[in-house]
Every structure is written in C-alpha cells, then in structure tokens.
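Written out below as structure tokens is the structure these notes cover.
Residue numbers (my numbering): 7 to 295.
Here is the structure:
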C-alpha cells in the first residue's frame, strides 16, 4: 500500500503553483496551435483537427498531474527529510554472562578504595557524571528514584572529565560543585547515591570496571560524538558516548542493561527495568537468556 508524505505547507503551495502554471502553459500552447491550424486551413472548423488538438492538450495536462502526484505519493517506507528519533529507545540489553562487578574495586572521594562486593544483593545503577554537564539536572531525579525503592537500589556515580572537560574538579572539590553549582541549591545526595572518585571510562587508561561493563553490553547508538569534544585516545565503537550514560546491574552483580544519557525522562525509562531486577527470583544459574 502506498504511503502519503506529509508535506510542509510552503512546499505544498509551491507544487500547487507549479501545477497551475503547467496547466496554463499547456492551454496557452494548445490555443496557439489551434489558431495556427485554423489559419492554415483558412479558418475552417475542421472537427478532426480540433479533436486532435484537444486530446494533445489533455495529455499534457494529465502528464503534469501524474508528475506532481509522483512527488506526493511513494511506496518507499522511509520518506525524505529528517527523521524523528525516539531517544527513549536508546538502550540495549547486555549479553548473558557469569562474570560480575564484584571483582572490581573503586576509589572513594577521600582516596581510599573499596570492593564492589559490598553491594551484593542490591540492584545497582552505575553512571558516569560531570558537574558542568547539562545532564547534571538528572541528579534531581536520582533522589526520588532511590527513595521510592528503599534500600534495594543504589546508584554508583563516577565523575569523569573525558567529555568536553566538564568535570575539571579534583576529588575533594566535587561535592562542593554538586552542592553549590550543578544541580546546586544546596543539593544533598540521597544516602544511597554513592559518589566515587574520578576515573576514565574510555581510552587507554579506562578503568577496568568500565572495560568490563562495555565489553558485555552493545552500544546504544552508532555514532559517539564530535572528535574535538572527546578527551581520550583511542576511540572505539563501544565507547561511553557522553556523561550520564548508565548501566543497570542485577542483585547477582551481572550487568543487564545499558542506557544512553538521553534515555531518561526523569527516570521513567529505567523504572520498568529496575522493577524487573528487583522482583525477579534469584536464579540457580547466573546465565540469563
């Protein structure tokens, strides 16, 4: 079945004017031909000649109509022009694995290290953050998301300066930036929003935790970003795309879902998947099909 393209009003009016102009030219040319033939035949009204000329005029008008109709209707399901992107669909399901995040340790803001195995039995949302990124307003959604899930959900936030240098602070300065700059207004993180020390999520010095996360989850988009805004080398197809990309980890420590920074909508995009991981029974086999 053919699909109809919805044209902008200006373009539709332009097509209409072209069609009218073609109609007038066809009529005018045919009228001239009628006059010329009438002169040749000494103004005699030859019915056969007039019929031929009228048919010629009708064919020209019909060809014009068919031409412009072909511009408006198409069987191609992908129509020309920019396509709308549903950013909430920018997430991927990770590959089944027996490996967990519990084998990794991370640095706290005070410089000490902790093992992630202390989060056994909890659903985790892992996110790379940056104080001067526009997506920092997502902090305002973190607290209510955590409050609605009690102590069953924890967010692990890792500051990173690899995207347009939007996290220039030292570890001891980061909390002041969050409290007074972005999101600011004396923002106080929920008790289950754990903010750790700066690390690198891409490039030759990427943290082993992020190397593990990326290796088990497909990328959420085909393009990463502008080269001049990416402060690392080398660039790989499965890199973290920007600040506030997220990984959802189940109660067994297995990474299960990956979300683009724009797949958020105040946390509504993630809520069904968080609930899935909170309510699913503990499997005998760690592999999830």
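Every residue gets a Cβ at the ideal spot worked out from N, C-alpha and C, and that includes glycine.
Which residues DSSP lists as bridging residue i, in chain order
i: residue 111; result: 121
i: residue 278; result: According to DSSP, which records beta bridges pairwise, residue 278 is partnered with nothing at all.
i: residue 134; result: 164
i: residue 6; result: Any question about residue 6 goes unanswered here, given that the chain covers just 7 to 295.
i: residue 253; result: 132 and 264
i: residue 98; result: 264
i: residue 169; result: 236
Exposed unless 16 or more other CB atoms sit within 10 angstroms - verdict on residue i
i: residue 144; result: buried
i: residue 259; result: buried
i: residue 74; result: Note that residue 74 scores a pLDDT of 46, beneath 50, so its modelled location is shaky; the value from the coordinates is reported in the next line. Exposed, by the Cβ-count rule.
i: residue 296; result: Since the first residue shown for the chain is 7 and the last is 295, residue 296 is missing from the structure and cannot be characterised.
i: residue 270; result: buried
i: residue 216; result: buried
i: residue 283; result: buried
i: residue 120; result: exposed
i: residue 96; result: buried
i: residue 194; result: exposed
i: residue 278; result: exposed
i: residue 89; result: A caution first: residue 89 carries a pLDDT of 42, below 50, which makes its placement in the model too unreliable to give a value.
i: residue 154; result: exposed
i: residue 1; result: The chain is shown from 7 up to 295; residue 1 falls before or after that span and cannot be answered.
i: residue 248; result: buried
i: residue 219; result: buried
i: residue 171; result: exposed
i: residue 83; result: Since pLDDT at residue 83 reaches only 41, below the 50 mark, its modelled position is unreliable, and no value is offered.
Option in the options with minimal Cα separation from residue i
i: residue 184; options: 197, 201 and 170; result: 201
i: residue 210; options: 236, 235, 240 and 199; result: 240
i: residue 223; options: 118, 94, 105 and 249; result: 105
i: residue 225; options: 272, 262 and 213; result: 262
i: residue 133; options: 161, 236, 273 and 272; result: 161
i: residue 146; options: 199, 247 and 155; result: 199
i: residue 103; options: 255, 265 and 275; result: 255
i: residue 126; options: 112, 231, 107 and 135; result: 107
i: residue 285; options: 276, 235 and 158; result: 158
i: residue 163; options: 250, 213 and 218; result: 250
i: residue 177; options: 117, 229 and 122; result: 117
i: residue 257; options: 130, 266 and 93; result: 130
i: residue 122; options: 179, 99, 100 and 214; result: 214
i: residue 265; options: 281, 253 and 192; result: 253
i: residue 230; options: 220, 114, 242 and 113; result: 242
i: residue 114; options: 180, 93, 92 and 156; result: 180
i: residue 112; options: 92, 212 and 237; result: 212
i: residue 135; options: 175, 124, 287 and 156; result: 175
i: residue 221; options: 92, 99 and 94; result: 99
i: residue 190; options: 275, 93 and 142; result: 142
i: residue 93; options: 288, 237, 276 and 281; result: 276
i: residue 151; options: 288, 281 and 287; result: 281
CB-CB length for residue i against residue j, believed under 8 Å
i: residue 186; j: residue 149; result: 17 Å between Cβ atoms; not a contact.
i: residue 173; j: residue 204; result: 7 Å
i: residue 207; j: residue 166; result: 5 Å
i: residue 188; j: residue 268; result: The pair is not a contact, with the Cβ atoms about 18 Å apart (cut-off 8 Å).
i: residue 235; j: residue 169; result: 6 Å
Residue i CB to nearest heavy atom of the ligand NAD below 8 Å
i: residue 268; result: Looking at this structure, you won't find the ligand NAD or any other ligand, since it has none at all.
Could you name each continuous alpha helix (DSSP H) segment of 4 residues or more that falls completely within the stretch 174-205, going from the start of the chain to the end? Correct list: 180-186.
In the stretch 212-245, which residue ranges form an unbroken alpha helix (DSSP H) of at least 4 residues, counting only runs that do not cross its ends? As summarised for the stretch 212-245, the continuous alpha helix (DSSP H) elements at least 4 residues long and confined to that stretch are 214-221, given in chain order.
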